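Colleague: With full-length UniProt numbering, letter number 167 in the sequence shown gets 167, and the count goes up by one each step, no holes.
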Amino acid sequence: MVVLRVIDGDTLEVRGEGGVLPKGTVARVRLLEIDAPERGACFADDATDRTAELLPPGSRVRAERDTELTDRYDRYLLYVWNEEGTFVNESLVRSGHAEADLHPPNDKHWPRISKAEDAARQAGAGLWTACPEPPKTSAPPPDPPDSPAPDTPARPDLPDGPPAGVPDVDCSDLSGPVRVGPDDPHRLDRDGDGIGCDTG
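This is the structure:
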């Protein structure tokens, strides 16, 4: 398949040449087992730039599927190798441009990718030192026991954000801002105001 454009650190648009993706089909690909920072978040631009270096538009890639080929957003869930033979999913994690992110049953290369994250953390690579709070390791402080719960959700005119579970969803997959709950499973609400994907 041929890379048409890089959307963000873990999402690209490609044209199929047969095999995993039918010839001539244009589709979005979500790189499996990784999660790069969202647009507007710490290190997001660096992650997108690194993915574009590894997968420049016009280049050909070799792709491999896992158990589930697509998600409910019609993105193809793939492992990708570039023209130099670099395993891009693993490379982005090893250099600290993305985190390892497991979504069973797609787990074919999990041992390799999770080891790459261990190495990146130990080396303080990329987002592990550039960002004050790496996305997955930080949790919001609990509310004080006497603080009342809000009576109404933020911006009732907005649609609810995607529920927890597979696949991971990025702001680039949504048409606009959404309401998110206190858990915010997809980490869409960067400023903590209860609205996801409202900054960019």
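In this text, a Cβ means the ideal position worked out from N, Cα and C, and glycines have one as well. Remember, predicted model here, so these are calculated numbers, not experimental data.
If you run the structure through DSSP and keep just helix, strand and coil, what is Thr25?
Modeller: Along the sequence shown, one-based indexing puts residue 25 at 25. Here Thr25 sits in coil by DSSP.
Colleague: At a cut of 8 Å, does the stretch 6–22 reach the stretch 35–52 through at least three beta carbon pairs?
Modeller: Yes, the stretch 6–22 touches the stretch 35–52.
Colleague: What does DSSP give as the partner residues of Ala100 in its beta bridges?
Modeller: Translated into the one-based positions of the sequence shown, residue 100 becomes position 100. According to DSSP, Ala100 bridges with Ile34.
Colleague: Using 10 angstroms around the beta-carbon of Pro182, count the other beta-carbons present and answer buried if the total reaches 16, otherwise exposed.
Modeller: Position 182 of the sequence shown, counting from 1, holds the residue named residue 182. Its Cβ having fewer than 16 others within 10 Å, Pro182 is exposed.
Colleague: Under 9 Å, do Pro167 and Tyr73 count as touching if we go by C-beta distance?
Modeller: One-based indexing of the sequence shown puts residue 167 at position 167. One-based indexing of the sequence shown puts residue 73 at position 73. Result yes, Cβ atoms of Pro167 and Tyr73 sit closer than 9 Å.
Colleague: On a Cα-Cα basis, can you pick out the residue from Leu21, Asp189, Pro111 and Glu99 that is closest to Ala125?
Modeller: As a first step, residue 125 must be located in the sequence shown, where it is residue number 125. Among Leu21, Asp189, Pro111 and Glu99, the Cα nearest to that of Ala125 is on Glu99.
Colleague: Rounded to the nearest angstrom, what separates Val180 and Arg112 at their Cα positions?
Modeller: What you label residue 180 is simply residue 180 of the sequence shown in a count that begins at 1. What you label residue 112 is simply residue 112 of the sequence shown in a count that begins at 1. Val180 and Arg112: Cα-Cα distance of roughly 33 Å.
Colleague: With DSSP run on the structure shown, which of helix, strand or coil describes Ser138?
Modeller: Here residue 138 is taken as the residue at index 138 of the sequence shown, counted from 1. Residue placement at Ser138 is poorly supported in this model, since its pLDDT is 41, which falls under 50; the coordinates still yield a value, given next. Coil, per DSSP.
Colleague: Do you know how far the Cα of Tyr76 is from the Cα of Val93?
Modeller: As a first step, residue 93 is located in the sequence shown; it is residue number 93 there, counting from the start. As a first step, residue 76 is located in the sequence shown; it is residue number 76 there, counting from the start. Approximately 20 Å between the Cα atoms of the pair.
Colleague: From Ser95 to Gly18, what does the alpha carbon distance come to, in whole angstroms?
Modeller: Indexing the sequence shown from 1 puts residue 95 at position 95. Indexing the sequence shown from 1 puts residue 18 at position 18. The alpha-carbon atoms of Ser95 and Gly18 are separated by roughly 31 Å.
Colleague: Look at the alpha carbon of Asp193 and the alpha carbon of Glu84, and state the distance between them as a whole number of angstroms.
Modeller: For this step, residue 193 is matched to residue 193 along the sequence shown. For this step, residue 84 is matched to residue 84 along the sequence shown. Taking the straight line joining both Cα atoms gives about 43 Å.
Colleague: In whole angstroms, give me the CA-to-CA distance for Gly24 and Trp81.
Modeller: Against the sequence shown, residue 24 aligns to sequence position 24. Against the sequence shown, residue 81 aligns to sequence position 81. Looking at the two C-alpha atoms, the distance is approximately 20 Å.
Colleague: By alpha-carbon positions, which one of Phe87, Val14 and Lys108 ends up nearest to Ala26?
Modeller: Position 26 of the sequence shown, counting from 1, holds the residue named residue 26. Residue identity check: residue 26 is Val in the sequence provided, not Ala. Ranking the options by Cα distance to Val26, first place goes to Val14.
Colleague: State the start and end residues of the unbroken alpha helix (DSSP H) segment that holds Leu92.
Modeller: Stepping through the sequence shown from its first residue, residue 92 is reached at position 92. Val88 to Arg94 is the span of the alpha helix (DSSP H), which, as asked, contains Leu92.
Colleague: What three-state label does DSSP hand Arg72 in the structure shown?
Modeller: Along the sequence shown, one-based indexing puts residue 72 at 72. Coil, per DSSP.
Colleague: For Ser172, tell me which candidate among Asp191, Ala164, Gly196 and Asp157 has the shortest Cα-Cα distance.
Modeller: Numbered from its first residue, the sequence shown carries residue 172 at position 172. Residue Gly196 is the option with its Cα nearest to Ser172.
Colleague: Helix or strand or just coil, what does DSSP make of Arg121?
Modeller: Looking up residue 121 in the sequence shown gives position 121. Residue state, collapsed to three classes: helix.
Colleague: Report the CB separation of Trp110 from Glu38 in whole angstroms; it is logged as a contact under 8 Å.
Modeller: Residue 110 sits at position 110 when you count from the first residue of the sequence shown. Residue 38 sits at position 38 when you count from the first residue of the sequence shown. Not a contact, Cβ separation roughly 22 Å.
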